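If you want my numbering, it's the position in the sequence shown, counting the first as 1, plus 264.
Don't be surprised by glycine CBs; every beta carbon is placed ideally from N, CA and C.
Quick caveat: nothing in here was measured; it's all calculated off a predicted structure.
Read through the structure below, which is laid out as structure tokens, and then see the notes.
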Amino acid sequence: MRISVIGTGHLGAVHAACMAELGHDVLGVDKDAEKIAALASGQAPFYEPGLAELLVKAVRSGRLRFSTSLAEAAEFADVHFVCVGTPQLAGSLKADLSHIETVIDGLASNLTRDCLLVGKSTVPVGTAPRLAARLAALTGGINATLAWNPEFLREGFAVQDTLRPDRIIVGVTSAEADAALRAVYAPLLAAGTPYISTDLATAELAKLAANAFLATKVSFINAVSDVCEATGADVVTLADALGHDSRIGRQFLSAGLGYGGGCLPKDVRAFVARATELGLADSVRFLREVDEFNSSRRRMAGPRPGRRLSRQPEGRGARGHVQAAHRRRARFASAQCRQGGPVGGRDGPGSRSAGHRQRPAGLPGARLRDRAGKGL
Ligand SMILES: NC(=O)c1ccc[n+]([C@@H]2O[C@H](COP(=O)([O-])OP(=O)(O)OC[C@H]3O[C@@H](n4cnc5c(N)ncnc54)[C@H](O)[C@@H]3O)[C@@H](O)[C@H]2O)c1
Numbered sequence: 265m266r267i268s269v270i271g272t273g274h275l276g277a278v279h280a281a282c283m284a285e286l287g288h289d290v291l292g293v294d295k296d297a298e299k300i301a302a303l304a305s306g307q308a309p310f311y312e313p314g315l316a317e318l319l320v321k322a323v324r325s326g327r328l329r330f331s332t333s334l335a336e337a338a339e340f341a342d343v344h345f346v347c348v349g350t351p352q353l354a355g356s357l358k359a360d361l362s363h364i365e366t367v368i369d370g371l372a373s374n375l376t377r378d379c380l381l382v383g384k385s386t387v388p389v390g391t392a393p394r395l396a397a398r399l400a401a402l403t404g405g406i407n408a409t410l411a412w413n414p415e416f417l418r419e420g421f422a423v424q425d426t427l428r429p430d431r432i433i434v435g436v437t438s439a440e441a442d443a444a445l446r447a448v449y450a451p452l453l454a455a456g457t458p459y460i461s462t463d464l465a466t467a468e469l470a471k472l473a474a475n476a477f478l479a480t481k482v483s484f485i486n487a488v489s490d491v492c493e494a495t496g497a498d499v500v501t502l503a504d505a506l507g508h509d510s511r512i513g514r515q516f517l518s519a520g521l522g523y524g525g526g527c528l529p530k531d532v533r534a535f536v537a538r539a540t541e542l543g544l545a546d547s548v549r550f551l552r553e554v555d556e557f558n559s560s561r562r563r564m565a566g567p568r569p570g571r572r573l574s575r576q577p578e579g580r581g582a583r584g585h586v587q588a589a590h591r592r593r594a595r596f597a598s599a600q601c602r603q604g605g606p607v608g609g610r611d612g613p614g615s616r617s618a619g620h621r622q623r624p625a626g627l628p629g630a631r632l633r634d635r636a637g638k639g640l
């Protein structure tokens with residue numbers, strides 16, 4: 265199939281390369297000309313295991329090209345994946361949807377043939393029908409349908425998660441849209457990947473609800489770690505004990521600094537904001553507390569990664585531990601700067617046990633991140 269991927273950031277660059285790997289003809293589009301030039305020469309603008317190899321292979325084969333032109337995408341593709349950012353709006357808990365709206369408007373005004381637009385960006389529930397109406401108003405006689413296909417990849421595992429996802433969720437409004445998405449993902453479906461075809465609202469919610477759940481799990485174990493701290497219990501052993509319960513699971517149960525990065529905080533807040541708009545503020549009050557608890561924990565800058573929270577030396581108060589942690593983190597940061605590597609950035613859930621990935625030499629823009637992966 266002929267596919268365009270609009271927005272070639274972390275999600276889009278990986279998606280474009282992986283769609284080419286699945287055998288499609290792909291055009292990656294971004295407004296950032298520098299990024300497009302790098303990608304077109306087969307260079308990944310950030311480090312992601314396996315991406316550089318996939319890019320080189322796909323660009324050399326001619327199955328993957330890049331452009332800054334939405335008009336070229338409109339002319340080229342049967343299916344357009346929209347992968348632009350949805351950051352938190354300044355001064356609000358809401359998601360900024362302006363990048364998606366710009367892309368919908370830009371594509372719609374250039375369309376010359378029928379096509380399927382597929383949102384992959386993370387959006388609050390109710391966004392897709394609103395965008396579909398916007399699209400319909402702009403496209404006149406052309407049949408341009410909108411579907412939603414939320415993305416669950418984790419940074420650090422993005423290629424693996426795209427080529428071997430746990431599940432594929434699509435929100436569709438027609439059998440034709442469903443058939444087109446089944447065709448896009450045919451090799452993955454043939455390999456047995458679960459495929460859930462549903463309505464737009466459920467697909468949109470699948471992503472934000474998943475991230476709200478993961479954030480809650482991280483905050484839960486961090487709250488429990490405070491109780492461990494006060495009682496001399498070992499939070500790592502406790503997490504293992506809980507994690508062996510198949511109803512609970514061990515992932516996202518590592519006490520530490522709390523979750524961070526580009527997705528979980530903004531997604532939890534966007535979920536709260538949308539539920540509040542729907543008159544459901546009480547239903548999501550606990551998520552506000554999860555967010556506030558997490559933020560205060562991160563402000564406190566807890567102990568360094570790799571250290572058992574529950575085994576603090578005797579006779580030193582919590583404040584002393586935090587101050588000591590600040591000193592260690594400052595030393596760590598200064599050492600990283602000397603090595604020329606970035607510090608922090610869009611990190612993943614702050615896992616106490618998470619290691620850090622050093623950026624390979626020569627790859628600009630690569631970020632240190634938790635092994636647990638930030639994506640989400
Ligand atoms: N990064 C992840 O691991 C991940 C995982 C799952 C879901 N998501 C979601 O995917 C979306 C994108 O995330 P990301 O991390 O790739 O963001 P990003 O900031 O890395 O990339 C967004 C890209 O969109 C481009 N862009 C913005 N406006 C554009 C326009 N009008 N035309 C063309 N290109 C435009 C930007 O230049 C940028 O390259 C977000 O909604 C995010 O929540 C991200």
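- Within 7 Å of the C-beta of residue 366 there is at least one heavy atom belonging to ligand 1.
- As the crow flies, the alpha-carbon of residue 376 is around 21 Å from that of residue 271.
- In the structure shown, residue 314 adopts coil according to DSSP, grouped into three states.
- Between ligand 1 and residue 275, a heavy atom-to-CB distance of less than 7 Å is present.
- Residue burial is scored here from C-beta neighbours: residue 324 has fewer than 16 other C-beta atoms within 10 angstroms and is therefore classed as exposed.
- For the options 480, 460, 334 and 358, the alpha carbon positioned closest to that of residue 344 is the one of 334.
- DSSP places residue 289 in the strand class (E or B) of the three-state scheme.
- Rounded to whole angstroms, residue 552 and residue 405 show a C-alpha spacing of 45 Å.
- A distance criterion of 7 Å places the beta-carbon of residue 294 in contact range of ligand 1, judged by its closest non-hydrogen atom.
- Residue 494 and residue 445 have their C-alpha atoms spaced approximately 52 Å apart.
- Per the DSSP secondary-structure output, residue 331 pairs in a beta bridge with 293.
- The segment 366-382 makes contact with the segment 395-411; the number of CB pairs closer than 8 Å reaches 3 or more.
- The DSSP-derived three-state label of residue 386 is coil.
- Contact check between the segment 485-501 and the segment 454-471: fewer than three CB pairs, one atom from each, fall below 8 Å, which does not count as touching.
- Residue 551 has its Cβ no nearer than 7 Å to any heavy atom of ligand 1.
- Assignment of residue 512 by DSSP, reduced to helix, strand and coil, places it in the coil class.
- Under the Cβ criterion (8 Å, minimum of three pairs), the segment 309-325 does not count as touching the segment 443-458.
- Secondary structure at residue 276: helix, using DSSP grouped into helix, strand and coil.
- By the beta-carbon neighbour count (other beta carbons within 10 angstroms, threshold 16), residue 501 is exposed.
- If you compare the alpha carbons of 282, 273, 523 and 267 with that of residue 425, the shortest gap goes to 282.
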